[in-house]
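What follows is a set of notes on a single structure, which appears directly below.
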C-alpha cells in the first residue's frame, strides 16, 4: 500500500483547483451572511428589527435547498461537471454583484433577495461538490480527499464569519464599500480557479430532466434510500448537521452567559466556534491515517460515542453561571475550568470529523456514478430538514411555554448546558439505533478495534483489486481463526465469508460472524444438508451483487504451508456461470499470520504467549482481479495465492 499522504492531493491539478473553489465558495457565503449582520449594526437598526432580519436570513438561504435540490441533482448528473462548476461560479459573480449593490445602497431587501439567490447557487453546486470526488480520486484516496474537503469547508466557514464580522470594523465608514468589493472579488476568484479544473464526464448525460420539483424530490429520496447502508449513511450525515446546528446556534449566548464573555462582544463566541471548527478539521484529516487509506466505516461509532462523551463533559464542566464575567479570551484560559471547556469543544469537533468523513466516503463508494449527484441532492434535501428542525427545536427547548388560542403549551425551559446534555443523550440514542438497524457500522468498529489491537496490519492492492460494486469471490489462504476478521477489516466492502460451522459458533466471535452474514458450512460427510444450504446461500449472495469470501483449503494449516485448494470454488463459479453470471475472482494472501496468535504453529499453551506473538506484522495482499472466474480452476487459483504469499508464511 502506498504511503502517500492525503496532502499530496493539494499538489495535483485533479484536486487542488476543485478544493480551492469549494473553499472559496464556503468562505464567500459566510463573508456575505456575516456582513449583512454587520451592516445592521452599522446602520443602527433596532433590536426587534435586527432580530427579524437575523432570523429571516438563514431561512431565505436554506429555502432553495427544499425547492430546487431535485432539479439541481438532475442537472449535475446530466452536465459535464467542470462546465457546471464554471457556470455556478459565474452565477455567483452575478449574484454577488446584486449583493454589492445592496451594500452600496444599504438596502436590506436587495441583500435578502441576493441571499436567496446565493442559496439557489449553493443548491446547484452542492451535488457537484461531492459527486465529483469518486471521478477524480482513486478508491484509496476517497477518505483522505473527503477529509481535506471537510477540513477546508469548516476552516473556510470560520474564516468567512470572522472576516465578515470584522470588515465593517476595519473599514469604518467605508464598510459597505469594503463588503461589496470583497464578495465580488471572491466570486471572481472562484470562477477563475474553476476554469483550471480538468474536465470530468457527466454521470448520466442521457438523463431527461424533470423540471417539476415535487415528484422528482420524492423520486430522488427513494433513490437515496435504495441501499440500506447508504440510506443510513445519509441519515448519519443529516444527523451531523442537526448536532452541529444545535451546538453552534447556542454558542453566542453560551459564550456570554456561561463562559463569562464580555456583553455584546463576539470575541469569546468566535473563539468557541474556532475550537469546534478546528476540531472538525483535525478529525477530518486524521480519518485517512486511522482508516489505513480505505473507506473505514468502523470510525463512525468511534465518532458517535466520542461526540456524546465530550458533550456530556461539556455539560458537567459548566452546568450553571460562570464564576466571573466580562472575561477576555486570556482571562477565560486563566484556570483549568476554561481549558476543560476548550478540550470539550475541540473534542466534539474532532469526533464529528471521525463521524462524518467515512459516511461521505461510503455514500460515494457505494453509489453508482450515474446516480451519485441525485443521491447527494436527496442528501441536501434531508440535511435542510434537519437543520431547520434543529434551529426550531433549539429555541423551543429553552422556552418554558407559549400560548396558542388561549391554551398554554408547556415546554422544558432548559438552560443551554441542559440543551447540550439533551443533545448528548439524543446523539447516543440515535447512534445506537443506526448501529442496531445496520450492524455493519458496529461490526466494522469491532473488527477494526480487534485487528488494530492484536496485529500491525499492512494492506497492498486491496482497493484496485476488489471491485467497488457488484459481485466477486474472494479466495485466500487459511492460517488462523482470525482470518475472516482480518479480511473484513482490510476490504472496504462487506464480505460474506463461508466458514466452518464450528468456527462460526466460537463464543465471543459468533455475534460478529452472525451480523456479518457469514455462511456456515460443514463437510459432506458431517452434514450434507448444511453443505447444500451453504452453496445455495453463496449463489444467492453472488446473484445479488455481494462479495463472498472463501478459504478453499477447507481447514486451518497445520504446518504453515498452503494445502491444495478443493473443488468447491469451481462448483461456486460454475453454478453462477450456468445461470449467466460471470463472477470475478480476487486472489488474496495473508502473509505473516503463521507467527501470530491463534495459528497452529505452537501447542495450545504456546499459542497464548501474548508478549511474543501479539501485535505481529501481517500483510494482506491482493492479486489482479480475474474478471471471468469460470475460466480458471482451483489449481491455478492455488498457484496464484502461493505466489502472493511467497515465503512469508
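Residue numbers (the numbering used here): 269 to 917. Glycine is no exception: its CB is placed at the ideal position from the N, C-alpha and C atoms.
Q) By a C-beta neighbour count over all protein chains shown, 10 Å radius and 16 as the cutoff for buried, is residue 490 buried or exposed? A) The residue labelled residue 490 in the question sits at position 222 within the chain shown. So residue 490 ends up on the exposed side.
**Q.** Contact belief for residue 742 with residue 851 at Cβ below 8 Å, rounded distance in angstroms
**A.** Translated into the one-based positions of the chain shown, residue 742 becomes position 474. Translated into the one-based positions of the chain shown, residue 851 becomes position 583. No, residue 742 and residue 851 are not in contact; Cβ-Cβ is about 11 Å, not under 8 Å.
Q.
On the DSSP bridge list, what partners appear for residue 670?
A. One-based indexing of the chain shown puts residue 670 at position 402. Looking at the DSSP assignment, residue 670 forms a beta bridge with 677.
Q. With a CB to CB cut of under 6 Å and the five nearest residues on each side skipped, what residues in its chain are close to residue 689?
A. As a first step, residue 689 is located in the chain shown; it is residue number 421 there, counting from the start. Exclusion of the five residues before and after residue 689 leaves 583 as the residues of its chain whose Cβ lies within less than 6 Å of its Cβ.
**Q.** As assigned by DSSP and simplified to three states, the class of residue 880
**A.** To locate residue 880, count along the chain shown from 1; it is residue 612. Any reading at residue 880 needs caution, since the residue's pLDDT is 48, under 50, leaving its predicted position unreliable; the model's value is listed next. In this structure, residue 880 counts as helix in the three-state DSSP scheme.
Q: Starting from residue 549, follow the alpha helix (DSSP H) in both directions and report where the run begins and ends.
A: Your numbering for residue 549 matches position 281 in the chain shown. 535 to 559 is the span of the alpha helix (DSSP H), which, as asked, contains residue 549.
Q | Alpha carbon of residue 768 to alpha carbon of residue 793, nearest angstrom | A | As a working mapping, residue 768 is identified with position 500 in the chain shown. As a working mapping, residue 793 is identified with position 525 in the chain shown. In a straight line, the C-alpha of residue 768 is about 13 Å away from that of residue 793.
Q. Excluding sequence positions up to five away, which residues of its chain have a Cβ less than 6 Å from the Cβ of residue 464?
A. One-based indexing of the chain shown puts residue 464 at position 196. These residues qualify, in order along the chain: 285.
Q) Apart from the five residues just before and just after residue 699, which ones in its own chain have a Cβ nearer than 6 Å to its Cβ? A) To locate residue 699, count along the chain shown from 1; it is residue 431. The residues are 572.
Q: Using the DSSP secondary-structure output, state which residues sit across from residue 765 in a beta bridge.
A: Here residue 765 refers to the residue found at position 497 of the chain shown. Residue 765 pairs with 817.
Q.
Under DSSP, the alpha helix (DSSP H) around residue 802 begins and ends at which residues?
A. Your numbering for residue 802 matches position 534 in the chain shown. Looking at the DSSP string, the run of the alpha helix (DSSP H) that includes residue 802 is 796 to 811.
Q.
For residue 754 and residue 416, I'd like the C-alpha separation in whole angstroms.
A. For the purposes of this step, residue 754 is identified with residue 486 of the chain shown, where counting begins at 1. For the purposes of this step, residue 416 is identified with residue 148 of the chain shown, where counting begins at 1. When rounded, the distance between both Cα atoms is 28 Å.
Q) According to DSSP, what are the bridge partners of residue 362? A) Locating residue 362 in the chain shown gives position 94, where the first residue counts as 1. Answer is none; residue 362 lacks a bridge partner.
Q) Beta carbon of residue 459, beta carbon of residue 354: below 8 Å? A) Here residue 459 refers to the residue found at position 191 when the chain shown is read from its first residue. Here residue 354 refers to the residue found at position 86 when the chain shown is read from its first residue. Against a cut-off of 8 Å, the Cβ pair of residue 354 and residue 459 comes out as a contact.
Q. Does the region 535 to 549 come close enough to the region 426 to 446 that 3 or more CB-CB pairs lie under 8 Å?
A. yes
Q. Cβ atoms of residue 890 and residue 239: under 8 Å apart, would you say?
A. With the chain covering 269 to 917 only, the question about residue 239 has no answer from this structure.
Q: Quick one: residues in its chain with C-beta nearer than 8 Å to the C-beta of residue 726, no 5 flanking neighbours on either side, listed in chain order?
A: Position 458 of the chain shown, counted from the start, is the residue given in the question as residue 726. Correct list, in chain order: 269, 885, 886, 887, 888.
Q.
Starting from residue 396, trace the alpha helix (DSSP H) in both directions and tell me its first and last residue.
A. Within the chain shown, the letter at position 128 stands for residue 396. Residue 396 -> alpha helix (DSSP H) spans 376 to 399.
Q.
Only counting the same chain, and skipping five residues up and downstream in sequence, which positions put a Cβ closer than 6 Å to that of residue 916?
A. Locating residue 916 in the chain shown gives position 648, counting from the first residue. Once the five neighbours on either side are set aside, the close Cβ partners of residue 916 are 859, 860.
Q: Could you tell me which of 615, 351, 762 sits nearest to residue 576, measuring between CA atoms?
A: As a working note, residue 576 is residue 308 in the chain shown. The residue with the shortest Cα to Cα distance from residue 576 is 615.
**Q.** Own chain partners of residue 357 with C-beta closer than 6 Å, once the 5 adjacent residues on each side are dropped
**A.** As a first step, residue 357 is located in the chain shown; it is residue number 89 there, counting from the start. Here the set comprises 458, 459, 462.
Q) Among residues of its own chain, excluding the 5 on either side of residue 445, which ones have a beta-carbon nearer than 8 Å to its beta-carbon? A) Here residue 445 refers to the residue found at position 177 when the chain shown is read from its first residue. Excluding positions up to five away in sequence, the list reads 371, 372, 439.
Q) Looking only at its own chain, which residues have a Cβ that is under 7 Å from the Cβ of residue 880, when we skip the five neighbours before and after it? A) As a working note, residue 880 is residue 612 in the chain shown. With a pLDDT of 48 at residue 880, under the threshold of 50, the modelled position of this residue cannot be trusted; read the value that follows with caution. If we look at residue 880 and ignore the five residues flanking it on each side, it has no Cβ neighbours.
Q | Selected residue, minimal CA-CA separation from residue 677, among 686, 685, 665 | A | Residue 677 sits at position 409 when you count from the first residue of the chain shown. Ranking 686, 685, 665 by Cα distance to residue 677 puts 665 first.
Q. Under the three-state reduction of DSSP, which class applies to residue 747: helix, strand or coil?
A. Numbered from 1 along the chain shown, position 479 holds the residue referred to as residue 747. In the structure shown, residue 747 sits in coil (DSSP, three-state: anything other than H, G, I, E or B).
**Q.** Local conformation of residue 778 per DSSP, three classes
**A.** Within the chain shown, residue 778 is the residue found at index 510, counting from 1. Residue 778: helix per DSSP, three-state reduction.
Q | Which residues DSSP lists as bridging residue 853, in chain order | A | Residue mapping note: residue 853 aligns to position 585 of the chain shown, counting from 1. Residue 853 pairs with 741, 894.
Q. Do residue 329 and residue 383 have their CB atoms nearer than 8 Å?
A. By one-based count along the chain shown, residue 329 stands at place 61. By one-based count along the chain shown, residue 383 stands at place 115. Contact: yes.
Q) Can at least three beta-carbon pairs, one atom from the region 478 to 490 and one from the region 643 to 652, be found at a separation below 8 Å? A) yes
Q. Which whole-angstrom value describes the C-beta separation of residue 215 and residue 734, a residue pair presumed to lie in contact below a C-beta threshold of 8 Å?
A. Absent from the model: residue 215. The displayed extent of the chain is 269 to 917, so no value can be given.
Q. Secondary structure at residue 847, three-state DSSP: helix, strand or coil?
A. Position 579 of the chain shown, counting from 1, holds the residue named residue 847. DSSP places residue 847 in coil when its eight states are reduced to three.
Q. How about residue 508 and residue 658: do their beta carbons lie closer than 8 Å?
A. If you number the chain shown from 1, residue 508 lands on position 240. If you number the chain shown from 1, residue 658 lands on position 390. Contact check for residue 508 against residue 658 fails: the beta carbons are separated by 8 Å or more.
Q.
Below 8 Å, how does it come out for the region 613 to 628 and the region 471 to 486: are there three or more Cβ pairs, yes or no?
A. no
(Q) Please list the terminal residues of the continuous alpha helix (DSSP H) segment that includes residue 665. (A) Working through the chain shown from its first residue, we reach residue 665 at position 397. Run containing residue 665: 640 to 665, per the alpha helix (DSSP H) assignment.
Q. Can you give, in chain order, each stretch of the alpha helix (DSSP H) that sits fully within the region 566 to 605 and has at least 4 residues?
A. 567 to 585, 597 to 600
(Q) Just to confirm the assignment: which complete alpha helix (DSSP H) runs, minimum length 4, are found wholly within the region 444 to 521? (A) 481 to 492
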